[in-house]
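Written out below as structure tokens is the structure these notes cover.
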Amino acid sequence: MADGAPPPEEDFNAIPISDRLAHKNWKARVSAYEALVKTFQTTASDSDPAFKPYINNPDTLKKIATDANAVAQEKGLECLVAFVKFAGENAARTREVVMPALVEKCFGSARAGTKAQAIELSLQYVEVENGAAGVVECILPGLGAKQPKTVAGCVVALREIVKQFGTSVTPPAPVLKALPKIFAHSDKTVRAEGTQLAHVLYQYIGPGIESWLADLKPVQVKELKEAFEELEKEGKGRGSLKPERMTRAGAREAEAAAEAGEEGEEGAPPVEEAPPDPRMFAEEVDIVPKLPANLQASLKSSKWKERKEALDELLSLVNASPRIKDAPELGEVARSLATCIQKDANINCVMVAANCLEGLAKSMMESFARYRESTVPLMLERLKERKVNVTDAIGNALDAIFTTVGRHSDFPSLPLT
Numbered sequence: 001m002a003d004g005a006p007p008p009e010e011d012f013n014a015i016p017i018s019d020r021l022a023h024k025n026w027k028a029r030v031s032a033y034e035a036l037v038k039t040f041q042t043t044a045s046d047s048d049p050a051f052k053p054y055i056n057n058p059d060t061l062k063k064i065a066t067d068a069n070a071v072a073q074e075k076g077l078e079c080l081v082a083f084v085k086f087a088g089e090n091a092a093r094t095r096e097v098v099m100p101a102l103v104e105k106c107f108g109s110a111r112a113g114t115k116a117q118a119i120e121l122s123l124q125y126v127e128v129e130n131g132a133a134g135v136v137e138c139i140l141p142g143l144g145a146k147q148p149k150t151v152a153g154c155v156v157a158l159r160e161i162v163k164q165f166g167t168s169v170t171p172p173a174p175v176l177k178a179l180p181k182i183f184a185h186s187d188k189t190v191r192a193e194g195t196q197l198a199h200v201l202y203q204y205i206g207p208g209i210e211s212w213l214a215d216l217k218p219v220q221v222k223e224l225k226e227a228f229e230e231l232e233k234e235g236k237g238r239g240s241l242k243p244e245r246m247t248r249a250g251a252r253e254a255e256a257a258a259e260a261g262e263e264g265e266e267g268a269p270p271v272e273e274a275p276p277d278p279r280m281f282a283e284e285v286d287i288v289p290k291l292p293a294n295l296q297a298s299l300k301s302s303k304w305k306e307r308k309e310a311l312d313e314l315l316s317l318v319n320a321s322p323r324i325k326d327a328p329e330l331g332e333v334a335r336s337l338a339t340c341i342q343k344d345a346n347i348n349c350v351m352v353a354a355n356c357l358e359g360l361a362k363s364m365m366e367s368f369a370r371y372r373e374s375t376v377p378l379m380l381e382r383l384k385e386r387k388v389n390v391t392d393a394i395g396n397a398l399d400a401i402f403t404t405v406g407r408h409s410d411f412p413s414l415p416l417t
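Below is the structure:
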């Protein structure tokens, strides 16, 4: 060997992959990651035996994601992306172990490649879990990390998930709920990434985002609303973003629809989607503990003023709750309101009761549909009322109830008199 010549590179290929994964030499671990990528890419199906050792032992995957060597870590994440991509839905069960490691050790990496691979791995998990709820749940704790770069990385990951999959795959409420925390962060990069996240959310849900901005500083709200207006002017407002990726289940459904010819005839005009109801994106609130005291007794009072006061209090509660959580007690409330509409001699009580039912139906959405049979027939009886303001109030409540049933549902048979 000539003096000064570098020693030959050690060949790790003869060492079993399991030993290379635990090797103290980072180059040995890299060789294992590269070998696994090739193995995963050449598997016959997502049930190939090559995946089994890692599906059954997700801690091995966690160690790969948290490799102490920066170069090896990036290669390791590339390996994990291949694993989830080719193992498919069978890999979903490893998400609970791997995602927290990405939050802690990868999203805040100084290496752009590492961050990119970590985000791609997150997106792959959304695909194979057929929904983003679990991945988002793992990312949200990272918003409280000590390192601002980790927090910023988590915000970027959330943005990409919403952007790539949309709000039908990504439940928006948990992300929307996190906005005040993001915008209150002391680091300007975190806040800047939060702004980009808010823009993406607006492009999907439009004004539905605004109720979640109440806890931001006034200047932040002003800047966001100005940005939303600018997006609308540029044609990049609500509805301008469409999901770029599908879950595995979504892809199967799309393929089946295409084969069945359900995509519509060529040349058919595109169907314009109705703007989403902002209530869809609100957090459900349990109003049962807040119901007026002695509500049922008050509604049966012989004094109309007592009935009206109870109804007014209930209406204020309903109007202050954009999304109401279903509860058995609300069925009883709905029936009592319908009875009030049917029988109460005081038209002021009737109108407020109708307003309450309208608000309940709108805020409970589809979950209110189960109460239609116990409310609608009673309400229809009062439509004989001659006063227009009364029939209008009842009509609005009926419209709201019809909306909860849906066009494909059977509405109860109602007597025509």
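Under the UniProt record's numbering, the first residue of the sequence shown is numbered 1, with each subsequent residue one higher. Here a beta-carbon is modelled for each residue, glycine too, at the ideal position from N, C-alpha and C. Note that this is a predicted model, so its numbers are computed, not measured.
(request) Mind checking which residues open and close the alpha helix (DSSP H) that includes His-185? (result) No alpha helix (DSSP H) holds His-185; DSSP gives it neither H nor E.
(request) State the Cα-Cα distance for the pair Ala-82 and Ser-316, rounded to the nearest angstrom. (result) 54 Å
(request) Output yes or no for whether 7 Å exceeds the beta carbon distance between Leu-311 and Ala-369. (result) no
(message) Tell me which residues share the same chain as Arg-323 and place their Cβ nearer than 7 Å to its Cβ, disregarding the 5 neighbours each side in the sequence.
(response) Arg-279, Ala-282, Glu-283, Glu-284, Val-285, Ser-363
(request) Mark Asp-155 as exposed unless 16 or more other C-beta atoms lie within 10 angstroms of its C-beta, in which case mark it buried. (result) Going by the sequence as given, residue 155 is Val instead of Asp. Val-155 comes out buried.
(request) Provide the residue span of the alpha helix (DSSP H) that contains Phe-368, from first to last. (result) Neither: Phe-368 is in no alpha helix (DSSP H) and is coded neither H nor E.
(message) On the DSSP bridge list, what partners appear for Val-285?
(response) Ile-324
(message) If you measure between the beta carbons of Leu-61 and Thr-114, is that distance less than 7 Å?
(response) no
(message) If you measure between the beta carbons of Val-126 and Val-135, is that distance less than 7 Å?
(response) yes
(request) Report all residues from its chain with a CB closer than 6 Å to the CB of Asp-11; omit the five preceding and five following residues, and keep chain order. (result) none
(message) Please state the DSSP three-state secondary structure of Phe-83.
(response) helix
(request) Mind reading off the beta-carbon distance from Val-190 to Ile-182? Whole number of angstroms is fine, and I expect it under 8 Å. (result) 6 Å
(request) Note the first and the last residue of the continuous alpha helix (DSSP H) segment covering Met-351. (result) 347 to 364
(message) Can you tell me where the alpha helix (DSSP H) holding Cys-138 begins and where it ends?
(response) 133 to 139
(request) Assign Ile-15 to one of three DSSP states: helix, strand, or coil. (result) coil
(message) Just to confirm before moving on: does the CB-CB distance between Ala-361 and Thr-391 stay below 7 Å?
(response) no
(message) I'd like the span of the alpha helix (DSSP H) that includes Trp-26, first residue to last.
(response) 26 to 41
(request) Quick one: grab the DSSP three-state call for Asp-48. (result) coil
(request) Taking only the alpha-carbon atoms, compute the straight-line gap between Ala-334 and Gly-88 and give it to the nearest angstrom. (result) 46 Å
(request) Taking 7 Å as the cut-off, decide whether the C-beta atoms of Cys-138 and Pro-171 are in contact. (result) no
(request) Specify the secondary structure class of Ser-316 as computed by DSSP and reduced to three states. (result) helix
(message) Am I right that Leu-201 and Leu-176 are in contact with their C-beta atoms under 8 Å? What's the rounded C-beta distance?
(response) 7 Å
(request) Classify Gly-239 as helix, strand or coil using the three-state DSSP reduction. (result) coil
(request) Would you kindly check if the distance between the Cβ of Thr-167 and the Cβ of Ile-205 is under 7 Å? (result) yes
(message) According to DSSP, is His-23 part of a helix, a strand, or is it coil?
(response) coil
(request) Have a look at Ser-367 and Asp-399 and give me their C-alpha separation to the nearest angstrom. (result) 15 Å
(message) With a threshold of 6 Å on Cβ separation, who are the neighbours of Leu-36 within its own chain once the five nearest residues in sequence on each side are excluded?
(response) Cys-79
(message) For Phe-107, tell me which candidate among Asn-69, Pro-218, Ala-65 has the shortest Cα-Cα distance.
(response) Ala-65
(message) According to DSSP, simplified to helix, strand and coil, what is Ser-301?
(response) coil
(request) Measure the alpha-carbon distance for Ala-116 versus Lys-163 and round it to whole angstroms. (result) 15 Å
(message) Tell me which residue opens and which closes the alpha helix (DSSP H) that Glu-96 is part of.
(response) 95 to 105
(message) Taking only three categories from DSSP, how would you classify Gly-261?
(response) coil
(message) Out of Leu-383, Leu-21, Lys-146, Leu-179, which one is the CA nearest neighbour of residue 469?
(response) Residue 469 is absent from the model: the chain starts at 1 and stops at 417.
(message) Applying the 10 Å Cβ sphere with the 16-neighbour rule, what's the burial state of Asp-187?
(response) exposed
(request) Would you mind stating whether Ala-198 and Leu-216 have Cβ atoms separated by less than 7 Å? (result) no
(message) Alpha carbons only, please: which of Arg-238, Arg-372, Ile-287 is nearest the one belonging to Ser-397?
(response) Looking at the sequence shown, residue 397 is not Ser but Ala. Comparing Cα-Cα distances from Ala-397 to each of Arg-238, Arg-372, Ile-287, the minimum goes to Arg-372.
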